[in-house]
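A.B. asks:
In the UniProt record's numbering, the protein residues as written are 1 to 254.
The structure is reproduced here in structure tokens:
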């Protein structure tokens, strides 16, 4: 499977005026989030692939894969995996793990793939970043059009109500000797995270901004995209979703 089969962004660096492209492409993004729970992520992948009852030779697309840790683990489970991400740096890093059943491509999630997948995973709140709301619908349609006839897709998003109830307005995280000063707040139906830090005598400031999409928002978009929502879970153990209690909003659709 050659990369030429995949539609690509002509020049990913031209996207760097978008906050997510600029921030996700820096080494500091990966430093700040390096301690994410791998065991929890692998448990989620185990539960998900078991629930979906994917065939052993299933082709999986990990959409917005970052440095590919989930892609790599899914490949270790035996699946043929394509990891796709907007960040060239992340894909370059992930590609070190490529093999004949594990491929990585620079790709804009708003563009459908030419090939079809048995499962498409969009994990750990990698949705709702776009300035234009219409891009969310475009992305859902691209996912729909990249699925095989019997394929399933999964969006793992934050549960906005739980997040807002438990929001930590300010904190400082020290990772690899760098003090990351973090502020969180809600504004204009978005959840913001302001990240300020200094390194090697230089000051940096980045802003993460994610739409505060709730289950009803996804249901409306999915109906418009001609997508059938099969199930909703509230955590990585695939337990029932409770609006005020669940940490995650996990949507299974086809």
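Beta carbons: idealized from backbone N, C-alpha and C, even for Gly.
Quick test of the definition: if touching needs 3 or more C-beta pairs under 8 Å, does the stretch 161-169 touch the stretch 127-147?
C.D. replies: no
A.B. asks: Spatial neighbours of residue 183 within its chain, please: C-beta separation below 6 Å, excluding the five flanking residues on both sides.
C.D. replies: Within the same chain, and ignoring the five residues on either side of residue 183 in sequence, the residues whose Cβ sits closer than 6 Å to its Cβ are 170 and 194.
A.B. asks: Out of curiosity, what's the CA-to-CA distance linking residue 175 and residue 200?
C.D. replies: Looking at the two C-alpha atoms, the distance is approximately 14 Å.
A.B. asks: Looking only at its chain, what residues have a beta carbon closer than 7 Å to the beta carbon of residue 252, apart from the 5 residues adjacent to it on each side?
C.D. replies: 152, 154, 230 and 231
A.B. asks: Nearest by alpha-carbon distance to residue 89: which of 67, 180, 76 and 103 is it?
C.D. replies: 67
A.B. asks: Judging by CA-CA distance, which residue of 84, 58 and 65 is the nearest neighbour of residue 78?
C.D. replies: 58
A.B. asks: In chain order, what residues of the same chain have a beta carbon less than 6 Å from the beta carbon of residue 205, not counting five sequence neighbours either side?
C.D. replies: 196
A.B. asks: Can you give me the C-alpha to C-alpha distance between residue 100 and residue 82, rounded to a whole angstrom?
C.D. replies: About 11 Å.
A.B. asks: In the DSSP assignment, the beta strand (DSSP E) including residue 157 goes from what residue to what residue?
C.D. replies: 147-158
A.B. asks: Starting from residue 61, follow the beta strand (DSSP E) in both directions and report where the run begins and ends.
C.D. replies: Unbroken beta strand (DSSP E) run through residue 61: 59-63.
A.B. asks: Just mark residue 4 as buried or exposed, buried being the case when its beta carbon has 16 or more other beta carbons within 10 Å.
C.D. replies: Confidence in residue 4 is poor, its pLDDT being 35 and thus under 50, which makes the residue's placement unreliable; the coordinate value appears in the next sentence. Residue 4 should be labelled exposed.
A.B. asks: Quick check on this structure: which residue in 40, 98, 108 and 130 has the alpha carbon closest to the alpha carbon of residue 86?
C.D. replies: 108
A.B. asks: Applying the 10 Å Cβ sphere with the 16-neighbour rule, what's the burial state of residue 2?
C.D. replies: At residue 2, the pLDDT of 36 sits below 50, so the modelled position is not reliable; the number obtained from the coordinates is stated separately. Burial state of residue 2 is exposed, judged by a 10 Å Cβ sphere holding fewer than 16 other Cβ atoms.
A.B. asks: Check each candidate in 113, 122, 227 and 80 and name the one with the smallest Cα separation from residue 63.
C.D. replies: The candidate whose alpha carbon is nearest that of residue 63 is 122.
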